[in-house]
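Let me begin by presenting the structure, written as structure tokens, before commenting on it.
Numbering (the numbering used here), first residue to last: 41 to 794.
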């Protein structure tokens, strides 16, 4: 009783005398709903007759550790009696954690904790506060010091003070004897041992011993301890430029077990951040490695919060009833801003342009933006390493793409190149995007027959037979679904021997329209086929197919299509045909050679014979009258069909009676050549001894007007004496060649003149 009274008196003295301030733990809910309980009042100035008391009256403030609210934790409020609520007083705060852990509202004096605190890390903070005049900046009260204590929550398990513990019991020790710190424990003697263990609870505000207990210690380890996180919140800072799959942080849960019983499995609790991050276990350190699954963007979201669960990988069923063998911690990730290159609005740009588009036509545009804070202007460039730079151009400011050359789809149907977007403020930051330009076809070429077909029809063909399947080809790159139509040309539709059947699948068949064809009457048929496409504008062409008539057997198998086979017996081999043709050629050559020899022999006889002057052909190489002789050589006078009717005497045989030689009338001077020839013709027509009509008769007569008179050898001197030809030089330039020939000193014999 005396002891209790003494203790009560001591406590009264301590508390009533102001030496100690009672500790009043408060829950966070109380602090939030009743903030006025942590208000410190300042009585203000008194009159000089009264005892002067200090304006500040301080009590200890308390704040909960491991606070997880979304708003800063309210700690308390400072108030001076000189503050009349007119906004003339300003409160300042300094000391441990001022500005970094605790903040104060300069006008109201409200104190808040801006981050989570850990009592085991720092149990209290010593700060200083002062009230100053907001206008003069002079202190209204002296600076005072106060303490903010971190109020403990039970977030730590008891820990052994001096572990590990080794205990041993003598082999035959009686029941009830407790021995501690005895070496050389022997498991073969006894599997379980009793030891006295003292544990200290670190969760208490003042710390101290939690008590003693007797624990059965088993030599063989079992998985009887769940993993525990050393703290409930992990803060990580990650740059937004981190690559996917990279490790951005590590967290660790502690498991007192050993070996496989200490293996931990980490999992992200579904919620915020579960689709952006992943966590795996480091097998060596048993840490949870957080990895990035998707790219981060500071401009989109600056922070992520999610929970991580740590659990034992190998559970022991004997301890299932002890509760869940897992622990949970919160991970807060702050995204750090990094200057990034411009971002295109699309990952790939696809454009279309017709092949006949004029140069300079805009066919599309690209857009890129700088998403960083204080965005910069962007400039566009074509990647010069590609092949499309000569065919297209881009506006560096607007990003519009235009043609730079005429395009040909038949040459290049698609262009693929890259465009670079670069920031003006930092030219090193650039991004690239691919451009795919499809060149659309303009129907320029008409369709044609795909291949040259060798079409044949049997002589015994029936009407309605398909003798050939044809298809079409187009030099244009035909679009999907292109259709070709086939028909017979209009001029061939009049009594056609063949027709065209369109199968509507880009093929057609050549169909017979007659009952049988004859090679003797017509071997080849030409069929004009019109092919038309379905593009715009529509193009068509007329293709002529050649159809050959062939001899076939009863089954329609072609036996022969050669022309010579029409006239030759059936079954004659090719070698025999070649031999026959070779013999015919040899015989023809022999006949031609024989006829030529006969003609040559007959000609020589006529030319060399001097007995019959009628068969001789005498040629005079005389020069005519020149350009002035315009009346000479009228060939029309040689053609006189009336002679045949006037003279009925046959001159193809020799007459019975011999006639005297003809007496020719002398030719008058200056006689025209026409009269001369007519006179000679009349003489020849009435002469029964004249040669037949197929004989050749020549008449030599020189025209008028030549200064050389007659050059004929008929009137030449009979003697073969040397003559003087100097007069030839007087006849003018027309006889210059002749004068040069005869003016030489070389003599010419009469037998050299023809």
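C-beta: ideal position from N, C-alpha, C; glycine also.
- Separation of the CB atoms of residue 580 and residue 571 is rounded to 6 Å, and the pair is thereby assigned contact status at 8 Å.
- Distances from the CA of residue 492 to each of 482, 510, 506 were compared; the closest alpha carbon is that of 510.
- In the same chain as residue 405, and ignoring 5 residues on each side of it, the C-beta atoms closer than 6 Å to its own belong to 439, 440, in chain order.
- For residue 187, the enclosing beta strand (DSSP E) covers residues 184-191.
- Considering only 277, 159, 502, the residue with the shortest C-alpha distance to residue 374 is 277.
- In the structure shown, the three-state DSSP call for residue 299 is helix.
- In the structure shown, residue 640 adopts helical secondary structure according to DSSP, grouped into three states.
- In terms of Cβ geometry, residue 420 and residue 436 form a close pair [threshold 8 Å].
- Under the three-state reduction of DSSP, residue 782 is assigned to helix.
- With contacts defined as CB atoms closer than 8 Å, residue 306 and residue 350 qualify as a contacting pair.
- Apart from sequence neighbours up to five positions away, the residues of its chain that approach residue 551 with a beta-carbon distance below 6 Å are 506, 539, 541, ordered along the chain.
- Between the C-alpha atoms of residue 379 and residue 339 there is a straight-line separation of about 11 Å.
- The continuous alpha helix (DSSP H) containing residue 715 extends over residues 713-726.
- Here DSSP, grouped into helix, strand and coil, assigns residue 154 to coil.
- For residue 473, the closest C-alpha among the options 430, 401, 526, 384 is that of 384.
- Our two residues, residue 188 and residue 469, have alpha carbons roughly 49 Å apart in a direct line.
- For the 8 Å CB-CB criterion, residue 293 and residue 410 do not form a contact.
- Between the segment 523-537 and the segment 616-633 there are fewer than three inter-stretch CB-CB distances shorter than 8 Å, so the stretches are not counted as touching.
- Residue 633 sits in a helix when the DSSP states are folded into three classes.
- Following the DSSP letters along the chain, one finds residue 354 in no beta strand (DSSP E), marked with neither H nor E.
- For residue 553, the CB contacts under 7 Å within the same chain, skipping 5 residues up- and downstream, are 503, 536, 537, 538, 539 in chain order.
- In the structure shown, residue 776 adopts helical secondary structure according to DSSP, grouped into three states.
- Taking the Cα positions, residue 275 is about 15 Å away from residue 327.
- Out of 508, 781, 183, the CA that lies nearest to the CA of residue 132 is found in 183.
- Just so you know, the alpha carbons of residue 766 and residue 721 end up roughly 38 Å apart.
- Per DSSP, residue 540 is one residue of the beta strand (DSSP E) stretching across 538-542.
- Judged by DSSP secondary structure, residue 139 falls outside any beta strand (DSSP E); it is assigned neither H nor E.
- Scanning 129, 417, 152, 432 for the CA closest to the CA of residue 461 turns up 417.
- Under the 10 Å beta carbon count, residue 358 is surrounded by fewer than 16 other beta carbons and is classified as exposed.
- Listed in chain order, the non-local C-beta contacts of residue 163 below 7 Å within the same chain comprise 189, 190, local neighbours out to five positions each way being set aside.
- Take the alpha-carbon of residue 490 and the one of residue 584: they are about 13 Å apart.
- Within the same chain, Cβ atoms closer than 8 Å to the Cβ of residue 496 are found at 507, 587, 588, 589, 590, 598, 601, the five residues on either side in sequence being excluded.
- Take residue 529, set aside five residues on each side of it, and the residues of its chain with a beta-carbon closer than 6 Å to its own are 568, 570, 582, in chain order.
- The segment 148-161 makes contact with the segment 113-128: 3 or more CB pairs, one atom from each, lie closer than 8 Å.
- By the criterion of at least three beta-carbon pairs nearer than 8 Å, the segment 283-292 is in contact with the segment 330-338.
- The beta carbon of residue 394 sits closer than 7 Å to the beta carbons of 480, 482 from its chain, once the five residues preceding and following it are set aside; these are given in chain order.
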